[in-house]
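Residue numbers are given in our numbering: position 13 of the sequence shown equals residue 135, and the series is strictly consecutive.
Virtual Cβ for every residue (Gly too), placed ideally from N, Cα, C.
Computed from a predicted structure; not experimentally measured.
Below is one structure, written out as structure tokens; the observations come after it.
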Amino acid sequence: MNKNQVQISKLVFTHNWEDPLSDALALKIKPNDTLVTITSGGCNVLGFLLQDPKIIYAIDINLAQTYLLQLKIAAIKALSFEEFIAFSGLKTHPNRQLLFNKLKQELSPETALFWQKQNKIIANGFIMNGKYEQFVKFAGKFLKLLQGKKRVNALFNIKTQEEQIKFFDEVWNTKRFKLIFKVLFNKHILAKRGLVADYFHFDDGSTSFAESFYRRSKKAFRNLPIKGNYFLTLYLLGKYMNKEEVPDYLKEENFSLIKSRVNRIKTFTSDAQSWIDTMPNNSINCFALSNICELMSEEDTKRLFTAVNRTALPNARVIFRNLIIPREVPEELKNHIVKDKELSKFIYDNDRSFVYGKVAAYNIFKDVT
Ligand SMILES: C[S@@+](CC[C@H](N)C(=O)[O-])C[C@H]1O[C@@H](n2cnc3c(N)ncnc32)[C@H](O)[C@@H]1O
């Protein structure tokens, strides 16, 4: 593993904070495709199965994230839909430990041991229970306190786009709303999450983190439809609005198809570079790289994209994001890994997860050798 990379073994995410609709638009997954994706919370990996790929390689540098996806896979395999959503935390259950006992035989001994020690997460359900989700729930409570319950409820009752803009401009966009960004999204807090403060600059003309995140959130509160944006409800309420506005893998209509395909997911604990280096030339159709390049140097980013280019099949697709640090495909590869500017703009403008500074789609052009 590269010595500059962040290494963590605690469970950071139990949810994906990347909008799967953006991934779908960028990756255009076709039946029989081979995918490589960063595991993270595992929600999007499971959702990709609906597009009928041949195989999904789910890679994460953090062993705990691999264990999480393995837990979700085991639960899908061993439980009925009703049991699965109860185990996840989407539905109440008097004793989730009983459900864990039922799925345990699907786990490797190490994975089972890891989860046996995580009594609290098992008891509460895994949804919204990683370190990052704890922060999100805290931020949501703080915002609710500042904005007031009535205002938060009113936001979720908005019916039209016109009403939404008016509500944001006249009711929501208070000094207190801006304050939350100053308190929670400042250099010190973000640096604690492993981001190196000296890197930061703002493509959107902002002069601080607080301002940049304020602008990003404004897009979600003012311009994107509130209905169906489960990221917004997670940030504000710490939970989904209902059982319908949830990631695809938690929906009843998708459950049996996902169950029948779940063995197509192969999990690996590795940094993406080392894992991709093991793959043959021309072997991968889709790469979902999350925002991992931000945690690497520019030089390592160049190495990664060189490996992506080598292993990509002709017409492969890539999606990657930046939260704060502006990473890009290196200059010398830009003729091969080509940004679809129009699509990237559309994806960015409509990205329900709204926190990213960049969400971009690329096509890989190459001759087969
Ligand atoms: C990059 S993080 C970002 C999550 C979310 N997009 C955010 O901004 O908060 C997603 C996952 O990538 C993993 N990760 C980070 N660097 C990696 C690397 N070089 N190779 C593989 N996984 C990596 C982390 O362990 C984490 O589970």
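- Note that the C-beta distance between A180 and T159 is below 8 Å.
- The C-beta separation of L445 from E416 comes to about 6 Å, placing the pair in contact by the 8 Å criterion.
- By the criterion of at least three beta-carbon pairs nearer than 8 Å, the stretch 160–177 is in contact with the stretch 375–389.
- Taking C-beta atoms as the reference points, I177 and R386 count as a pair closer than 8 Å.
- Straight-line spacing of the CA atoms in T389 and I406 works out to 16 Å.
- In the three-state scheme derived from DSSP, where H, G and I count as helix and E and B as strand, L229 is classed as coil.
- Cβ contact annotation for R298 (same chain, cutoff 7 Å, sequence separation greater than five): L268 and Q269, in chain order.
- Taking a 10 Å sphere around the C-beta of K365, we find fewer than 16 other C-beta atoms and assign the residue as exposed.
- Boundaries of the alpha helix (DSSP H) harbouring D399: A394 to D399, taken from the DSSP string.
- Taken from the Cβ of F390, every heavy atom of ligand 1 lies 7 Å or farther away.
- Per DSSP, D145 lies in no beta strand (DSSP E); the unbroken alpha helix (DSSP H) holding it starts and ends at P142 to L149.
- Listed as beta-bridge partners of K266 by DSSP are no residues whatsoever.
- Note: D182 is bridge-paired with T391 in the DSSP secondary-structure output.
- The Cβ atoms of G252 and T391 lie no closer than 8 Å to each other.
- In this structure, the C-beta of V158 stays at least 7 Å away from each heavy atom of ligand 1.
- Beta bridge pairing from DSSP links Y484 with V440 and K461.
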